[in-house]
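Peer 1: Residue numbers 892 to 1300, in our numbering, belong to the letters of the sequence shown in order.
A virtual CB, placed ideally from N, CA and C, is assigned to each residue, including glycine.
All values derive from a computational prediction rather than experimental measurement.
Got a structure for you, written out below as structure tokens; questions coming shortly.
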Amino acid sequence: MNAATVMARCAALDVHTEVPGTITRRYATPALAGALREVEGWMREAGLETRRDAVGNLVGRYAGTVAGAPALLTGSHLDSVPDGGRYDGPLGVLSALSVVERLAARGERLAFPIDVCAFADEESVRYGTTYLGSSALAGRFDAEWLERRDQDGVALRDAMTAFGADADGVAEAALAPRSVLAWIELHIEQGPRLERADVPLGVVTGIQAQERRRIIVTGTAGHAGTTPMDGRRDALAAAAELVLAVERAGRDTNGIVATVGTLSVEPGGINVIPGRATFTIDVRHPDDDTLAAALTEFDAAVTRVAGERRVEVLQTVLSADRAVPCDEGLRAVLAAAVRARSLPVIDLASGAGHDAAALHRLCPVAMLFLRCAGGVSHNPAESIEECDVAVALDVLEHAFRNLPPGARR
Ligand SMILES: [Zn+2]
């Protein structure tokens, strides 16, 4: 019954979209406001006390029995990527709410309050801000973000005002670390490992370290017909070697994923030797040192290719995020809850970023992944099974009941 409600509510949020026929719910849009309103209504029906913070996050509190006890934060985000899927985000919010509804139906309270969080922005697609919603709670909101503009030229500050949020009050959204017990989030896996293992849930070990760079290779443009092969400084041929070096870094080291996702060539003519090639790399690994070693190997390839081909290579680091380990104590609680359902415990590193990356600065964090069909996410084809959700609700409830009072670091 609970799992069916979660599935139905996830589906009911589809109508809150910027583009009919798709699920497109970016930060501070009327579509997101509609989804937040809908979820707030469900929270109130369940007897939760709701509030909105300065960036527009929705938090519904289910009170505990011990006065002043730090709160368990749980939930996920309600924003989506353009033409995204139904479950990335809403599943975590509505599952957390469902667990609270079970407790409420039995008139049962835990020692600590449970704050069901529906973050207003995790995907960062409108302003390129990282975890805007949870960053505010963690006291990591960067005031410079307020001046950023979206593709229509709307400044974040103005979008927040139109959304009923309070750009100047963001600092007040930050929670005191002593008021928070932990963050626990259920999220779809966004990868194929659970499906391959034929297991509904996995316990997340952490969020991978990740570095992104822009690389500009400069050679000399020239006539494709008249410039001899031995005199060329072909920027694209050099970039091609480096693209393969990135792929090799991924293949040579277990656990590294390395991607060149963009590549542009200038001047870009069928009869012109490329004078400049610009590409990006995205390299990730669960361990900071292993990632650093792979990047050092790539740097060596850059030096070699630049020398051999007499091209200039300029690297700019666009972002460098350290690995975020999930809390060992919380992982043990989740693992015990999974075992209590007679399921094997599958440990998974998260390849994607999540709100836990912002919230680990505030409190211990942990995540559960739920299998999704084909590992597909950020796509309308996103699909999960109701029976898996039923297992997830049991596991979450078991974990909430068995949180160590000293979960705080
Ligand atoms: Zn997500």
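#1: Is any heavy atom in ligand 1 found nearer than 6 Å to the beta carbon of Asp-979?
#2: If you reduce the DSSP assignment to three classes, tell me which class His-968 lands in.
#3: Hey, how far is the Cα of Gln-1206 from the Cα of Phe-1170?
#4: Let's see if you can read the secondary structure: which residues bound the alpha helix (DSSP H) around Ser-989?
#5: Between which two residues does the alpha helix (DSSP H) containing Trp-933 stretch?
#6: State the DSSP-derived secondary structure class of Leu-1234, mapped to helix, strand or coil.
#7: Can you round the beta-carbon distance between Ser-1210 and Gly-1097 to whole angstroms, since I take them to be within the 8 Å contact cut?
#8: Who are the Cβ neighbours of Gly-1055 in its own chain at under 8 Å, not counting the five residues just before and after it?
#9: Identify every residue that forms a DSSP beta bridge with Ile-1164.
#10: For Ala-937, which option in Ala-1058, Pro-1068, Ala-996, Ala-1247 has the closest C-alpha, if you only look at C-alpha atoms?
#11: Write down the C-beta distance between Ser-1025 and Phe-1010 rounded to the nearest angstrom, noting that I regard them as a contact closer than 8 Å.
#12: Given this structure, state the Cα-to-Cα distance separating Asp-1049 from Leu-1085, to the nearest angstrom.
#13: Just to confirm the assignment, what range does the alpha helix (DSSP H) spanning Arg-1324 have?
#14: Does the beta-carbon of Ala-894 have 16 or more other beta-carbons within 10 angstroms, so that it is buried, or is it exposed?
#15: Using three-state DSSP, classify Pro-1068 as helix, strand or coil.
#16: Is the Cβ-Cβ distance between Asp-1012 and Tyr-918 less than 7 Å?
#17: Roughly how many angstroms separate the alpha carbons of Val-1134 and Leu-1127, rounded to a whole number?
#18: Can you find the residues in the same chain that come closer than 6 Å, C-beta to C-beta, to Gly-932, ignoring five residues on each side of it along the sequence?
#19: Where does Ser-1026 fall in DSSP's three states?
#20: According to DSSP, what are the bridge partners of Asp-1173?
#21: Compute every distance between the C-beta of Val-1256 and the non-hydrogen atoms of ligand 2, then say whether any falls below 6 Å.
#22: Between Arg-1000 and the rest of its own chain, which residues show a CB-CB distance below 8 Å, the 5 nearest in sequence each way excluded?
#23: For Thr-965, which of Glu-1273, Leu-1250, Asp-1121, Ile-1172 has the nearest alpha-carbon?
#24: Output needed for Arg-1039: all residues of its chain with C-beta closer than 6 Å, excluding positions within five of it in sequence on either side, in chain order.
#25: Taking Pro-911 as the reference, give the member of Ala-958, Glu-1273, Asp-974 with the closest Cα.
#26: Less than 7 Å between the beta carbons of Asp-1121 and Gly-1110, yes or no?
#27: According to the neighbour-count rule (16 or more other Cβ atoms, all chains shown, within 10 Å of its Cβ), is Ala-1361 buried or exposed?
#28: Between the alpha carbons of Thr-1052 and Ala-1136, how many angstroms are there, rounded?
#29: Which residue wins for smallest C-alpha separation from Pro-1295, given the options Ala-1100, Ala-1223, Asp-1041?
#30: What does a CB cutoff of less than 7 Å around Ser-1268 pick up in its chain, not counting 5 residues either side in sequence?
#31: The beta strand (DSSP E) with Glu-1038 in it runs from where to where?
#32: Which value, in whole angstroms, describes the spacing of the CA atoms of Ser-1067 and Gly-1030?
Peer 2: Concretely, from the data shown:
#1: Within the sequence shown, numbered from 1, the residue matching residue 979 stands at position 88. Yes, the beta carbon of Asp-979 sits closer than 6 Å to at least one heavy atom of ligand 1.
#2: The residue given as residue 968 occupies position 77 in the sequence shown. Here His-968 sits in strand by DSSP.
#3: For the purposes of this step, residue 1206 is taken as residue 315 along the sequence shown, with counting starting at 1. For the purposes of this step, residue 1170 is taken as residue 279 along the sequence shown, with counting starting at 1. Distance between the alpha carbons of Gln-1206 and Phe-1170: 10 Å.
#4: Here residue 989 is taken as the residue at index 98 of the sequence shown, counted from 1. From DSSP, the alpha helix (DSSP H) with Ser-989 extends over 981-996.
#5: Locating residue 933 in the sequence shown gives position 42, where the first residue counts as 1. It spans 921-936 - the alpha helix (DSSP H) in which Trp-933 sits, taken as one unbroken run.
#6: For this step, residue 1234 is matched to residue 343 along the sequence shown. Coil, per DSSP.
#7: Taking the first residue of the sequence shown as 1, we reach residue 1210 at position 319. Taking the first residue of the sequence shown as 1, we reach residue 1097 at position 206. 18 Å between Cβ atoms; not a contact.
#8: Indexing the sequence shown from 1 puts residue 1055 at position 164. Ala-924, Arg-943, Gly-947, listed in sequence order.
#9: The residue you call residue 1164 lines up with position 273 of the sequence shown. Looking at the DSSP assignment, Ile-1164 forms a beta bridge with Gly-1113.
#10: Here residue 937 refers to the residue found at position 46 of the sequence shown. That would be Ala-996, whose Cα lies nearest to the Cα of Ala-937.
#11: Here residue 1025 refers to the residue found at position 134 of the sequence shown. Here residue 1010 refers to the residue found at position 119 of the sequence shown. About 5 Å separates the two Cβ atoms, so the contact holds.
#12: Working through the sequence shown from its first residue, we reach residue 1049 at position 158. Working through the sequence shown from its first residue, we reach residue 1085 at position 194. In a straight line, the C-alpha of Asp-1049 is about 42 Å away from that of Leu-1085.
#13: Residue 1324 lies beyond the range of the chain shown here (892 to 1300); nothing can be said about it.
#14: For the purposes of this step, residue 894 is identified with residue 3 of the sequence shown, where counting begins at 1. When all chains shown are included, Ala-894 counts as buried.
#15: Taking the first residue of the sequence shown as position 1, residue 1068 is located at position 177. Helix.
#16: Walking along the sequence shown from the start, residue 1012 turns up at place 121. Walking along the sequence shown from the start, residue 918 turns up at place 27. The answer is yes: Cβ separation under 7 Å.
#17: Position 243 of the sequence shown, counting from 1, holds the residue named residue 1134. Position 236 of the sequence shown, counting from 1, holds the residue named residue 1127. Cα to Cα, Val-1134 sits roughly 10 Å from Leu-1127.
#18: For the purposes of this step, residue 932 is identified with residue 41 of the sequence shown, where counting begins at 1. Excluding residues within five positions, none has a Cβ falling inside 6 Å.
#19: Locating residue 1026 in the sequence shown gives position 135, counting from the first residue. Helix.
#20: What you label residue 1173 is simply residue 282 of the sequence shown in a count that begins at 1. Paired residue(s): Arg-1103, Thr-1150.
#21: The model on display carries ligand 1 but not ligand 2.
#22: One-based indexing of the sequence shown puts residue 1000 at position 109. Excluding sequence neighbours, Arg-1000 sits near Tyr-953, Ala-954, Gly-955, Thr-956, Leu-994.
#23: The residue you call residue 965 lines up with position 74 of the sequence shown. It is Leu-1250 whose Cα lies nearest to the Cα of Thr-965.
#24: The residue given as residue 1039 occupies position 148 in the sequence shown. The residues are Tyr-1018, Leu-1047.
#25: Position 20 of the sequence shown holds residue 911. Measuring from the Cα of Pro-911, the nearest candidate turns out to be Asp-974.
#26: Stepping through the sequence shown from its first residue, residue 1121 is reached at position 230. Stepping through the sequence shown from its first residue, residue 1110 is reached at position 219. Going by C-beta atoms, Asp-1121 is not nearer than 7 Å to Gly-1110.
#27: One cannot answer for residue 1361 here, as it falls past the ends of the chain, which runs 892 to 1300.
#28: On the sequence shown, residue 1052 is found 161 positions in, with the first residue counted as 1. On the sequence shown, residue 1136 is found 245 positions in, with the first residue counted as 1. Approximately 47 Å, taken between the alpha carbons.
#29: Sequence index remark: in the sequence shown, residue 1295 carries index 404 (1-based). Nearest option by C-alpha distance: Ala-1223.
#30: Translated into the one-based positions of the sequence shown, residue 1268 becomes position 377. Contacts found: Gly-976, Asp-979, Ile-1079, Gln-1081.
#31: The residue labelled residue 1038 in the question sits at position 147 within the sequence shown. Neither: Glu-1038 is in no beta strand (DSSP E) and is coded neither H nor E.
#32: To locate residue 1067, count along the sequence shown from 1; it is residue 176. To locate residue 1030, count along the sequence shown from 1; it is residue 139. Before going further, note that residue 1067 is Ala rather than Ser in the sequence given. Distance between the alpha carbons of Ala-1067 and Gly-1030: 9 Å.
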